[in-house]
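Everything in the first sequence is counted per full-length UniProt numbering, starting at 1 for the first residue and increasing by one. C-beta atoms are modelled at their ideal positions from N, C-alpha and C, and glycine is treated no differently. What follows is a set of notes on a single structure, which appears directly below.
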Amino acid sequence: MGTTTSSTSAAPTATADGTTLADVLVPWFRAHARDLPWRRPETTAWGVLVSEIMLQQTPVARVEEPWRAWLERWPRPSAMAAAPASDVLRAWGKLGYPRRALRLHAAAQAIAADHGDVVPDDVATLESLPGIGTYTARAVAAFAHGQRVPVVDTNVRRVVARAVHGDAEAGAAAARDLADVEVLLPGAGAGDAAERSSTRHDDAATMSAALMELGATVCVARGPRCADCPILDRCAWQRRGRPAWDGPVRKAQTWAGTDRQVRGRLLDVLRGAPGPVTAEALEAAWLTNPAQRAGCLDSLLVDGLVEQLADGRFALPGDVG
DNA sequence: AACGCGTGGGC
DNA sequence: TGCCCAAGCGT
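Given below as structure tokens:
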């Protein structure tokens, strides 16, 4: 990250006194971390996985309640695997990006069928499951299984861009990001800094959680609260006088009138109905542009989010009404 | 590698 | 208000 504008300084894994970033952030996390339900010790690996999927592009505040209901209803992968997709999509509700729910359903079926109903603990196997990519695989490996793997999300990339590279923003994700974070994890190996460090291999997952927490609550995208930052005195961005971002500007998300909005409307009708609905009911959901509505309905069919019955009506997949 | 994919809250 | 953003993934 920060390949075009970053300073040349090496990652400040240790300062002159031998303390590492982890030595500061791990205790900070233990004192300041939000009490999120999926972080409680009794949470299963399945619970962690469900939380990570729900949290993809969806704020914490909107995930808490659906997550509780989900785990109560489907406490194990096999329980969810046995449910029809229509139930899964209704339980997903308005979390957004409902393809995530479908992929989680498929992942649960694979875990139940091929992995003894046990959430895998190695990154490669996790990444082979639907909807689990670079970030989620490592988050589950670290947070559910305690593995020492770098967990890099948008928060971590921003924290590293600022504290390590001295840039205001992270820029586009890059393969390099994982290595950038790996060197920050405690338990790397022998050496003076490692010898003197108070954190160890077992703290690696906590360090990843701490980097994420710092990015989510202090080192936020807009209006970072630097006065509350535990690593302010080690922050390269601060040291450089907090220069403005001079990299490429991210394109704004469009929304009004997009296919995304139309698909959302159509799905909302299906979710709200007890069973299959007529074509007319779906037409009423988007009168502005019939051709667009038809195209979106078709794309929902292709995605497997909707199916058409023999009588011509439409339904959530597996929904018998 | 850039793009499309839902939804709603904060400023 | 309108715009920006939110624990990404698959193509």
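Taking the Cα positions, W38 is about 6 Å away from V48.
Between E195 and P150, the CB-CB gap reaches or exceeds 9 Å.
No Cβ-Cβ contact shorter than 9 Å links L232 with V160. With contact defined as three or more Cβ pairs closer than 8 Å, the stretch 24 to 42 and the stretch 115 to 135 are not in contact.
Relative to the Cα of G189, the nearest Cα in the group Y97, H201, G171 belongs to H201.
Distance from the Cα of R68 is smallest, within the candidate group A83, T44, A82, for T44.
Taking one beta carbon from each stretch, the stretch 237 to 257 and the stretch 51 to 65 have fewer than 3 pairs nearer than 8 Å; the two do not touch. Taking each of R263, R157, V156, L305 in turn and checking the Cα distance to S86, the smallest one comes out for L305. With a threshold of 16 other beta carbon atoms within 10 Å, V249 falls short and is exposed. Secondary structure remark: continuous alpha helix (DSSP H) runs of at least 4 residues inside the stretch 205 to 263, in chain order: 236 to 239.
With a cutoff of 9 Å on beta-carbon distance, A112 and S78 are scored as near each other. Non-local C-beta neighbours of Q261 in its own chain, meaning closer than 8 Å and more than five positions away in sequence, comprise W255, ordered along the chain. Pairing W46 with L71 gives a Cβ-Cβ distance under 9 Å. Straight through space, the alpha carbons of Y135 and A144 are spaced by roughly 14 Å. For the options D268, G187, R293, W245, the alpha carbon positioned closest to that of M207 is the one of G187. At a cut-off of 4 residues, the continuous stretches assigned as alpha helix (DSSP H) that sit fully inside the stretch 14 to 83 are 21 to 32, 45 to 54, 60 to 73, 77 to 81.
In the structure shown, E169 adopts coil according to DSSP, grouped into three states. Judged by beta-carbon spacing, L267 lies beyond the 9 Å limit of L104, meaning their Cβ atoms are not closer than that value. The straight-line gap separating the alpha-carbon atoms of Q308 and T288 is approximately 23 Å. Shortest Cα-Cα distance from G223 to any of T199, S198, E169, P276 involves E169. When DSSP states are grouped into helix, strand and coil, A315 belongs to the strand group. DSSP places V152 in the coil class of the three-state scheme, outside both helix and strand. M54 is a Cβ neighbour of L95, given a cutoff of 9 Å.
Closest by C-alpha distance to W92, out of V277, P290, L301, R271, is R271.
CA-to-CA, the gap between P130 and G215 works out to about 27 Å.
The alpha carbon of R34 has as its nearest neighbour, out of A285, T58, Q253, E213, the alpha carbon of E213. CA-CA distance, T258 to T154, rounds to 25 Å. D311 and Y97 have their alpha carbons spaced roughly 28 Å apart. Counting along the chain, no alpha helix (DSSP H) covers Y97, and no H or E run does either. Residues of the same chain with a CB within less than 7 Å of the CB of A139, apart from the 5 flanking positions on each side, are E52, V151 in chain order. Under DSSP, the beta-bridge partners assigned to E307 are A315.
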